[in-house]
Amino acid sequence: MITSEEIKRRLWDGANELRGSMDASRYKDYMLGLMFYKFLSDKTLETFRTASGLGQISESELVNEYKKAQEEYGEELEKMIQDVLGYYVTPAYLYQTWLRDIDSGEFEVQKVTDSLNNFERTIAVSNDADDFKGLFSSSTLDLTDTALGSNLNERSKNIKALILLFSDLNMVALQKGDILGDAYEYLIGQFAMESGKKAGEFYTPHQVSEVMAQIVAKTTKVTSIYDPTVGSGSLLLTVKKHLSEDAQANLNYYGQEKNTATYNLTRMNLLLHGVRPDKMTIKNGDTLSHDWPEDPDRPNEGVQFDAVVMNPPYSAKKWNKSNLKVSDPRFEVAGILPPDSKGDFAFLLHGLFHLGTNGTMAIVLPHGVLFRGGAEGEIRERLLEKNYIDTIIGLPSNLFTNTSIPVAILVLKKNRQINDSVLLIDASRGFIKVGKQNVLQEKDIAKIVDTYVERREEAGYSHLATRKEILENQYNLNIPRYIESIDEEIPQDVDAHVFGGIPQQNIADLKILQSMVSDILGQSLKQVREGYVGLIKSVDDITVDVLNDARIIELSKKVEDKANVYIDKYWDTLRNVDDQTNLTHLMEKMLIEIKEILSTFDYIDVYDGYQIVAEIWKKSLTHDTELIKLSDFYTVGRTREPNMVTKGTGNKKREEQDGWVGSIVPNELIKKHLFSQEVEEIESKKTQIQKIETELSELVDAAKIEDSDEANALGDTLNEAGEVFESKAVKAELKAASKETVEYQLLKKVSQLIDNKSALNKAVKIEEKALKEAVQERILILTDEEIDCLMYEKWFGNTVAMIVNLVEMPLKKELNTLKMLHDRYADTLSVIDEQSRNLESSFEVMLKELVVIS
């Protein structure tokens, strides 16, 4: 059993090891191209197996049967497979044949080149033909490229290693659970991060795709989708993921890509994700130079789509190479051409031209489109006058690998009501840093999408700008003009610094404490003068009073009860997933429900709760439910797999098995719950070892004190650094010492301590080895009840406590603010003056005591 996470890790590790110094943006074409060819070969063999009724014979036997059938039936067999798939791979050119040649030592790079070239001739002459043509063109997969090796032997060695990377993967089986597609998409993303700025041509960061896809999927009935700058196809596929299974089955995909290698990557990516050839229309071409797709019956309207999504090149210079005029139907709505120095609005207008009346368009552009003047200002004004701009979403900077600038998602619609406001969202501060990149968390994405769907306003985050406001700002849509950032820094109060006390207004601003436990807060304060208060008790004591208040305890209990019901419900669902379960939809259902539960309570941040559940999926559930789908909960719970570790470095780097680990049940939990006595005994011995080490350390320190008994007895037994006793030296000195002396007693003590420590270390090593082996064997005979107990802890061990803690978090935040205010104004100006005078007096006394020696 293998999951997408394991495939991702293995393939990416392999890619890093094999590509050497080759640029990631170039190596991806070879790796992903050969991975796709393995898929085509596996599909051909699977189709032959089904048609021949051969059943579950080995792959080697299947290849032999295919070869025999091809010799007997020839074109008839080829036509049959071609009718089913739209292509076929002959036995001589199968990926499996390359593997046989490698095993027999007969492998030649030319055979791979011939196979890739021959594939073109196997494609059916049909409407689907374009989906497979040119996938392995020499411009994309040039196996003579010296980057693969300076000579034929080097290239042959490197290509063989790459072919072997996919040798044991059944691409057809992996495609069924979308595992193959997920792994392919992951590799594209990893190559993008490695490629840096070169990645801009083919990759939209996953979290940005998620925002755009969810906005489109949740607000429009999508039967057709178009990406005019399709890149790797990730945006199209992300939209697909958020649609119902019926909608996915009927979805038509359209995309255009200028770069030929990337265009090939798009088609491979969609086909690997199970998109049927008859449902995808991808073109290799320049979107802006020539309009596509065109409707011959309506040349001035273009083909219309339910959804248009795109992440075009930012501020493309000299975009109008075809000398287009404003009379081009795509630009007529603007009444003016975008400036040749910046193509942002050219892409936007192209997408808008192809947007259906009831559709939704989402495009990522630099912030400059929101406020730049000139022709862009005129276009923006015209779009606002036409009421096409629906929403502006400002994202954090440094989200993309190819630029560090902050970008915005513009959402456009053609069916807006005349008085509809423009929603502006400032999501620029909601992110975490991962390495060099800023990343939107699941909760950040959810908040953006919810704000969009509900069109809600939130101070410092979102605002519905009316037509009047936009006119007052002269059609400038720069987000800070409409949304003022909330400064969480509390202004300094001069009077409080001079005379002391906390300003009453600051206390009034502690809204949650005032709402939930105003009496406790009031009883903890005293008025020191008008408008200012002081604390009667410490903030620590106030915190205890607040968190132990009956109202807070009751609220926590209600949240706890709801959380337990929620977890129990999904505990059963998750254990019983099968091959019919859509895991993406199950995850979405869990995430939506936790929001709904927490939204019934005041002052709890529902998105923090959302993130708690999202993290469970990320850390455990995605991996575990994939395996459960392939088998069943208890079978997988009693399954183990080799624990592979990397050893050595450089040329000696290798993978070796280091025992076994549970496929889903962690060895550490088995050890903790089922071998607690053994663990306790080992820990007891380790504690004894620590005590002995402490005692020896104290004796080492004593042996360094000149003329002490320890120095006289033990000084010569220390190592050169004087840090530890040398066992041989101790035993030699002990043998020579008189038994009745202090020296003998000290040497005897050290010798015993060293021996005891050695014996304990040996015992710990033996017991840990035995425990490790016992745990590994125990996996195989876990009872259903034990699996239930262990997996419940793995998935939900501290989840209820974390959700309940959401009640205390806002209270603690305000209590910390109270402490800060108390500390800020504790030292008044008069106290500081007095301290200053005391210091001056002390300094003067010290000066008088100084004696000058001439």
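Each residue of the sequence shown is one higher than the one before, starting from 333 at the first, in the working numbering. The beta-carbon is built from N, C-alpha and C at its ideal position, and this holds for glycine as well.
Report buried or exposed for ASN490, applying the criterion of at least 16 other Cβ atoms within 10 angstroms of its Cβ.
Taking all protein chains in view, the Cβ of ASN490 is crowded by 16 or more other Cβ atoms within 10 Å, so the residue is classified as buried.
On the DSSP bridge list, what partners appear for VAL641?
BP columns for VAL641 point to ALA694.
Using a 10 Å radius around the Cβ and a threshold of 16 neighbouring Cβ atoms, would you call SER488 buried or exposed?
SER488 should be labelled buried.
Would you kindly check if the distance between the Cβ of GLU526 and the Cβ of ALA356 is under 8 Å?
Taking 8 Å as the Cβ cut-off, ALA356 and GLU526 qualify as a contacting pair.
Counting Cβ pairs, one atom from each stretch, are 3 or more of them under 8 Å apart for the region 677-693 and the region 638-653?
Segments in contact, yes.
Can you tell me where the alpha helix (DSSP H) with GLU1100 in it begins and where it stops?
Per DSSP, GLU1100 belongs to the alpha helix (DSSP H) from 1074-1110.
Rounded C-alpha distance that separates VAL304 from LEU494:
Beyond the ends of the chain as shown, which are 333 and 1186, falls residue 304; an answer cannot be given.
Label SER566 either buried or exposed according to how many other C-beta atoms from any shown protein chain fall within 10 Å of its C-beta, with 16 as the threshold for buried.
Looking at its Cβ environment, which holds 16 or more other Cβ atoms inside 10 Å, SER566 is buried.
On the CB-based measure, 16 or more other CB atoms within 10 Å of its CB, does VAL658 come out buried or exposed?
Classification for VAL658: exposed.
4 or more residues per run - each alpha helix (DSSP H) lying fully within the region 703-778:
Qualifying alpha helix (DSSP H) stretches, in chain order: 706-717.
Under 8 Å between the Cβ atoms of PHE468 and GLY365?
Yes; because the gap between Cβ atoms is below 8 Å, this pair is in contact.
Give me the Cβ distance between LEU842 and THR1149, rounded to the nearest whole Å; I'm assuming they're in contact under 8 Å.
The C-beta distance from LEU842 to THR1149 rounds to 7 Å, short enough to fall under 8 Å.
Comparing C-alpha positions only, which one of ARG883, GLU410, LYS921, MET412 sits nearest to LYS901?
Selection ARG883, GLU410, LYS921, MET412 evaluated against LYS901 yields LYS921 as nearest (Cα-Cα).
Return the first residue and the last residue of the alpha helix (DSSP H) that VAL571 is part of.
Counting along the chain, the alpha helix (DSSP H) containing VAL571 begins and ends at 566-573.
What does DSSP give as the partner residues of GLY994 in its beta bridges?
The bridge partners DSSP lists for GLY994 are ARG972.
Separation of ALA579 from MET412, as counted between CA atoms
Rounded to the nearest whole angstrom, the C-alpha separation of MET412 and ALA579 is 30 Å.
Measure the Cβ-Cβ separation of SER373 and LEU426 and say whether it is below 8 Å.
Between SER373 and LEU426, the C-beta spacing is below 8 Å.
Whose CA, out of ILE389, GLU440, TYR369, ILE1014, lies closest to the CA of TYR419?
Of ILE389, GLU440, TYR369, ILE1014, the residue nearest in Cα terms is TYR369.
Which two residues bound the contiguous beta strand (DSSP E) that contains GLY1054?
Per DSSP, GLY1054 belongs to no beta strand (DSSP E) and is neither H nor E.
Does any C-beta atom of chain B lie closer than 8 Å to the C-beta of VAL897?
The structure shown contains no chain B, having only a single protein chain.
Compute the Euclidean distance between the alpha carbons of TRP1127 and SER995, then round it to the nearest angstrom.
CA-to-CA, the gap between TRP1127 and SER995 works out to about 14 Å.
Looking only at its chain, what residues have a beta carbon closer than 8 Å to the beta carbon of ASP623, apart from the 5 residues adjacent to it on each side?
Closer than 8 Å at Cβ, skipping near neighbours: GLY634, ASP660, PRO661, ARG662, HIS682, PHE685.
Would you decide whether ASP463 is buried or exposed? Buried here means 16 or more other CB atoms lie within 10 Å of its CB.
A residue is called buried when at least 16 other Cβ atoms come within 10 angstroms of its Cβ; ASP463 meets this threshold and is buried.
Would you check if there are 3 or more beta carbon pairs closer than 8 Å linking the region 1086-1098 to the region 956-966?
Under the Cβ criterion (8 Å, minimum of three pairs), the region 1086-1098 does not count as touching the region 956-966.
Secondary structure at THR561, three-state DSSP: helix, strand or coil?
Note: THR561 maps to coil in three-state DSSP.
Using beta-carbon positions only, say whether VAL1132 and SER888 come within less than 8 Å of one another.
The answer is no: Cβ separation not under 8 Å.
Using C-beta distances below 6 Å, list every residue in its chain close to PHE380, excluding the 5 sequence neighbours before and after it, in chain order.
Closer than 6 Å at the Cβ level, and outside the excluded window around PHE380, lie TYR398.
Taking ALA515 and ILE339 to be in contact with their CB atoms under 8 Å, please state how far apart those CB atoms are, rounded to whole angstroms.
With 8 Å as the limit, ALA515 and ILE339 qualify as a contact, their Cβ atoms being about 4 Å apart.
Might you give, ordered along the chain, the residues of its own chain that have their beta carbon closer than 7 Å to the beta carbon of ASN747, omitting 5 neighbours on each side?
Same-chain partners within the cutoff: THR689, ASN690.
Buried or exposed: where does TYR585 fall if 16 or more other Cβ atoms within 10 Å of its Cβ makes it buried?
Around the beta-carbon of TYR585, 16 or more other beta-carbon atoms lie within 10 Å, marking it buried.
In the DSSP assignment, find the unbroken beta strand (DSSP E) run with SER794 in it and report its ends.
SER794: member of the beta strand (DSSP E) spanning 794-797, first to last residue.
Pairing CB atoms from the region 804-817 with CB atoms from the region 845-854, are three or more of them under 8 Å?
Cβ pair count under 8 Å is below three, so no.
Using three-state DSSP, classify VAL945 as helix, strand or coil.
Here VAL945 carries a helix assignment [DSSP, helix/strand/coil].
Beta strand (DSSP E) segment containing LEU857, residue limits
According to the DSSP assignment, LEU857 belongs to the beta strand (DSSP E) that extends over 857-861.
The region 538-550 contacting the region 780-798, beta-carbon criterion three pairs below 8 Å
Taking 8 Å as the limit for Cβ pairs, the verdict is that the region 780-798 does touch the region 538-550.
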